[in-house]
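Participant: Just so you know, the sequences run in chain order A and B.
134 is the number that the UniProt record's numbering gives to position 134 of the first sequence; each next residue is one higher, with no gaps.
118 is the number that the UniProt record's numbering gives to position 118 of the second sequence; each next residue is one higher, with no gaps.
Think of the CB as a built atom: it goes at the ideal place given N, C-alpha and C, for glycine as much as any other residue.
Because the structure is a prediction, the values reported are computed rather than measured.
Protein chains: 2
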Amino acid sequence: MRDIHQIVPVSLGDRSYDIHIGPGLLAKSGELVADVLPPGARAAVVTDENVARYHLDSVLASMEAFGIGATVVRVPAGEPSKCYPTLQDVVERILDARLERGDAVIALGGGVIGDLAGFAAAIARRGMRFVQMPTSLLAQVDSSVGGKTGINSPHGKNLVGAFYQPQLVLADTDALDTLPDREFRAGYAEVVKYGLIDRPDFFAWLERQWPAIRAGGPERINAIAESCRAKSAVVARDERETGDRALLNLGHTFGHALEAAAKFDPEIIVHGEGVAIGMVMAHEFSARMNLASPDDAKRVAAHLETAGLPTNLNGLKAVAGNADRMLDFIAQDKKVTRGALNFILTRGIGQAFVARDVPASEVHAYLAGAIGE
Amino acid sequence: MRDIHQIVPVSLGDRSYDIHIGPGLLAKSGELVADVLPPGARAAVVTDENVARYHLDSVLASMEAFGIGATVVRVPAGEPSKCYPTLQDVVERILDARLERGDAVIALGGGVIGDLAGFAAAIARRGMRFVQMPTSLLAQVDSSVGGKTGINSPHGKNLVGAFYQPQLVLADTDALDTLPDREFRAGYAEVVKYGLIDRPDFFAWLERQWPAIRAGGPERINAIAESCRAKSAVVARDERETGDRALLNLGHTFGHALEAAAKFDPEIIVHGEGVAIGMVMAHEFSARMNLASPDDAKRVAAHLETAGLPTNLNGLKAVAGNADRMLDFIAQDKKVTRGALNFILTRGIGQAFVARDVPASEVHAYLAGAIGE
Chain A
1 MRDIHQIVPV
11 SLGDRSYDIH
21 IGPGLLAKSG
31 ELVADVLPPG
41 ARAAVVTDEN
51 VARYHLDSVL
61 ASMEAFGIGA
71 TVVRVPAGEP
81 SKCYPTLQDV
91 VERILDARLE
101 RGDAVIALGG
111 GVIGDLAGFA
121 AAIARRGMRF
131 VQMPTSLLAQ
141 VDSSVGGKTG
151 INSPHGKNLV
161 GAFYQPQLVL
171 ADTDALDTLP
181 DREFRAGYAE
191 VVKYGLIDRP
201 DFFAWLERQW
211 PAIRAGGPER
221 INAIAESCRA
231 KSAVVARDER
241 ETGDRALLNL
251 GHTFGHALEA
261 AAKFDPEIIV
271 HGEGVAIGMV
281 MAHEFSARMN
291 LASPDDAKRV
301 AAHLETAGLP
311 TNLNGLKAVA
321 GNADRMLDFI
331 AQDKKVTRGA
341 LNFILTRGIG
351 QAFVARDVPA
361 SEVHAYLAGA
371 IGE
Chain B
1 MRDIHQIVPV
11 SLGDRSYDIH
21 IGPGLLAKSG
31 ELVADVLPPG
41 ARAAVVTDEN
51 VARYHLDSVL
61 ASMEAFGIGA
71 TVVRVPAGEP
81 SKCYPTLQDV
91 VERILDARLE
101 RGDAVIALGG
111 GVIGDLAGFA
121 AAIARRGMRF
131 VQMPTSLLAQ
141 VDSSVGGKTG
151 INSPHGKNLV
161 GAFYQPQLVL
171 ADTDALDTLP
181 DREFRAGYAE
191 VVKYGLIDRP
201 DFFAWLERQW
211 PAIRAGGPER
221 INAIAESCRA
231 KSAVVARDER
241 ETGDRALLNL
251 GHTFGHALEA
261 AAKFDPEIIV
271 HGEGVAIGMV
281 MAHEFSARMN
291 LASPDDAKRV
301 AAHLETAGLP
311 TNLNGLKAVA
321 GNADRMLDFI
331 AQDKKVTRGA
341 LNFILTRGIG
351 QAFVARDVPA
361 SEVHAYLAGA
371 IGE
């Protein structure tokens, strides 16, 4: 087996762990999982049908080969599984299997599975061991670092959950070949985000390497590893999101508002697409505020377009409605602190910063222009 | 106002907090709560009808006087509220009120309210600020230290939850005068427990001071403060219950089995009564294993009897059934590690220790004798 895999350590004191990134990791998952569990430990593998079809047998075989007895907990694929009833169901099935605190909950799947299984791991017996096997690009570069777990509330997405760190993350880069093309491209928006936050050289490298990343191989591994290193550096500074971690929301304020305006219908827009548009808008808005050059916004849009991502509101104007409506969605976003509008703005590529007390009137004027009112 | 209140610091690094213990604290809660919240913060006060009747107005008035706007979240009194649907209801009502991470969830009530509200605080917005105002003796000396929160599962009590520390605990010792006599006495069993674990001088002091503690006054404050100090010392050594913290389960293995045998019907036995009987049994069993003198078991039983607590299986034999049945309940207890029977045994008063691999046959023989088979 090729062994070109990279290991990215996430340093969080006694909650530190390693992210392994490389090809074929699911097929050798048993060995790596056994390393972080006590002897005789068992596991619950939480997954959905789509992922199970491609990867479950290989994971179970490898676990069995290393003496880890596993119970499979299947949930329906898709965002609606991030809800109270499914959470309860997953927790109860973990308890049904008589798993103990030293046993592991394994999330095998994309972001939904990671968030749901991680939250179940956090609360079953007040906290069990947790291993992530993210199978989507978005999950590999985003949810595998930072410990955010949770479900959705009728009041909004991810409003119920826990900060809970895994013992181990296995990001199998071959698994991404089973993703729909649109999902791969959407996940790539988050890769680009790390370059835009504080790694201008990484962004320039991505501009050159996108075709190789899409094709697979060492460039893909490197893009994912660098993303994990970038997120890890931010999270290590601010584990519980009281300050700098907000930088990770670059593009998310506008992006979330668009997703919400589309009622989170993936037929209309998926998360990464919202982030892609949101990042271009954050650069445009920063240029409007005379913080950055308009050329940076154009350069960002050009690369995201090359990667097949949407970069403006064309085609979404009916969804967005008008500036008032978009501002309402922005104000409802949980990242609003005490009524003030916080935004991630930028002074240029790789120079993002947390801006507090951004005037709502400026945001409104920018949105009205972008929508073409 | 008398100011003889004591402050017990709980040292858990960046999760450290103070427990205030004394008379009249609920009436001045606003001032103390304002000290630990950011300016402008609001609160959700979670409580039940029984507690609200005596204490809610006084807390709300004090909060208002210090500028803390409060939403009241009422739940039905009693253990059945520690369930998934009520948890969801509490979380959603916190979100309804648009409370943010810097706002506080306040638990005003006994152990059920503390466990439920604390768990809601842990998971709403992935963790809000949390303040405990325990109004039962059990809650003041037990759940106010250690950060255990949670609900019950069909598989057992407290199987779903989080370790989540409050910012502040206010134990108003006057509030205990509104408790039913039986509940006060049951809570006192946990006070005695701290003496039996590792504070023989405290146990001897309790033997002398019980009447004054029951009557109220400085001895009551001191008994509660010393209990909090004792628990705090154990928890500081082992926040997430991987080792020494198990000492706090002295009396709980037999006690839980009795509670379970009674289907947790408080008409038959309440938690503190189970612990009282369980502590005597732990001392008797330790004597049977030649670890301790039988005189210690007698001395423990004598004091608990003086405090009006049950100390043996007389009157509970039909509930207990036989030794096989009791052993089954013990084995189902979540404190079993990988099938081995762990017990808290003792070498004498104030000399408890964690015993691993206790032979089930010895436990069976002891139980058969105690039940009188």
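1. Less than 8 Å between the CB atoms is what I'm expecting for A/Tyr-194 and A/Ala-230, so what's the real figure, rounded?
2. Check each candidate in B/Val-191, B/Glu-49, B/Leu-168 and B/Pro-200 and name the one with the smallest Cα separation from B/Trp-210.
3. Between B/Arg-126 and A/Ala-260, which are expected to be in contact by the criterion C-beta below 8 Å, what is the C-beta distance as a whole number of angstroms?
4. Taking 7 Å as the CB-CB limit, is B/Ser-144 close to chain A?
5. Please identify, using Cβ separations under 8 Å, the residues of the segment 34-49 of chain B that lie next to chain A, in order along the chain.
6. If you run the structure through DSSP and keep just helix, strand and coil, what is B/Lys-263?
7. Helix or strand or just coil, what does DSSP make of B/Met-133?
8. Within the continuous beta strand (DSSP E) that includes B/Ser-286, where are the two ends?
9. Count the other CB atoms, across all protein chains shown, that sit within 10 Å of the CB of A/Gly-290; report buried if there are 16 or more and exposed otherwise.
10. Could you check where the alpha helix (DSSP H) with A/Asp-18 kicks off and where it finishes?
11. Report the rounded CA-to-CA distance for B/Lys-334 versus B/Thr-253, giving the unit in angstroms.
12. Tell me A/Ile-344's beta-bridge partners as DSSP assigns them.
13. Does chain B have any CB closer than 7 Å to the CB of A/Gln-88?
14. Among the candidates B/Gly-24, B/Gly-251 and B/Leu-327, whose CA atom is the shortest distance from the CA of B/Leu-304?
15. For B/Thr-47, count neighbouring Cβ atoms within 10 angstroms of its own Cβ and tell me buried if that reaches 16, exposed if not.
16. Can you find a C-beta in chain A that's less than 7 Å from the C-beta of B/Ala-139?
17. Alpha carbon to alpha carbon, how far is B/Ala-124 from B/Leu-95?
18. Ends of the alpha helix (DSSP H) at B/Ala-120?
19. By how many angstroms is the C-alpha of A/Ile-344 removed from the C-alpha of A/Ala-282?
20. How would you label B/Gly-69, buried or exposed, when you count the other beta carbons within 10 angstroms and need 16 or more for buried?
21. Do B/Ser-232 and B/Val-141 count as a contact pair if the criterion is CB distance below 7 Å?
22. Let's test the definition: count the other Cβ atoms within 10 Å of the Cβ of A/Glu-373 and tell me whether it reaches 16, buried, or not, exposed.
23. Below 7 Å between beta carbons is the criterion; list the residues of the segment 117-136 of chain A that meet it against any residue of chain B, in chain order.
24. Would you decide whether A/Lys-148 is buried or exposed? Buried here means 16 or more other CB atoms lie within 10 Å of its CB.
25. So, is the C-beta of residue 410 of chain A closer than 7 Å to a C-beta in chain B?
26. Does the Cβ-Cβ distance between B/Lys-317 and B/Ile-268 come in under 7 Å?
27. Counting only beta-carbon atoms, is A/Tyr-17 nearer than 7 Å to chain B?
28. Please indicate yes or no: does the CB of A/Gly-13 lie closer than 6 Å to some heavy atom of the ligand ATP?
29. How is A/Gly-150 classed by DSSP in three states: helix, strand or coil?
30. Are B/Val-170 and B/Met-128 close, meaning C-beta to C-beta below 7 Å?
31. Could you tell me which chain B residues have their CB closer than 8 Å to the CB of A/Phe-343, listed as they occur along the chain?
32. Does DSSP classify B/Asn-50 as helix, strand or coil?
33. Can you grab the Cα-Cα spacing for the pair A/Leu-60 / A/Ala-52, in whole Å?
34. So the beta strand (DSSP E) A/Phe-163 belongs to, where does it begin and stop?
35. Given residue 385 of chain B, which residues of its chain have a CB within under 6 Å of its CB, disregarding the five upstream and five downstream residues?
36. Taking the CB atoms as reference points, tell me whether A/Leu-137 and A/Gly-187 lie closer together than 7 Å.
Facilitator: Looking at the atomic coordinates:
1. 4 Å
2. B/Val-191
3. So it is not a contact: roughly 19 Å between Cβ atoms.
4. no
5. Gly-40
6. coil
7. strand
8. Segment 271-288 is the alpha helix (DSSP H) holding B/Ser-286; no beta strand (DSSP E) there.
9. One point to set straight first is that residue 290 of chain A is Asn, not Gly, in the sequence displayed. So A/Asn-290 ends up on the exposed side.
10. That residue, A/Asp-18, is in no alpha helix (DSSP H); its beta strand (DSSP E) goes 17-22.
11. The predicted position of B/Lys-334 is uncertain, since its pLDDT is 46 and thus under 50; no value can be drawn from it.
12. A/Val-354
13. yes
14. B/Gly-251
15. buried
16. no
17. 7 Å
18. 111-123
19. 7 Å
20. exposed
21. no
22. exposed
23. Ala-122, Ile-123, Ala-124, Arg-125, Arg-126 and Gly-127
24. buried
25. No information on residue 410 of chain A is available, as it lies outside the stretch 1 to 373 that chain A covers here.
26. no
27. no
28. With respect to the ligand ATP, the structure shown offers nothing to examine, as it has no ligands at all.
29. strand
30. Residue identity differs from the one stated: residue 170 of chain B is Leu in this sequence, not Val. Cβ atoms of B/Leu-170 and B/Met-128: not closer than 7 Å.
31. Within chain B, no residue comes near A/Phe-343; the closest Cβ sits about 17 Å away, beyond 8 Å.
32. helix
33. 10 Å
34. 156-163
35. Outside the modelled stretch of chain B, which goes from 1 to 373, sits residue 385 of chain B, for which no answer is possible.
36. yes
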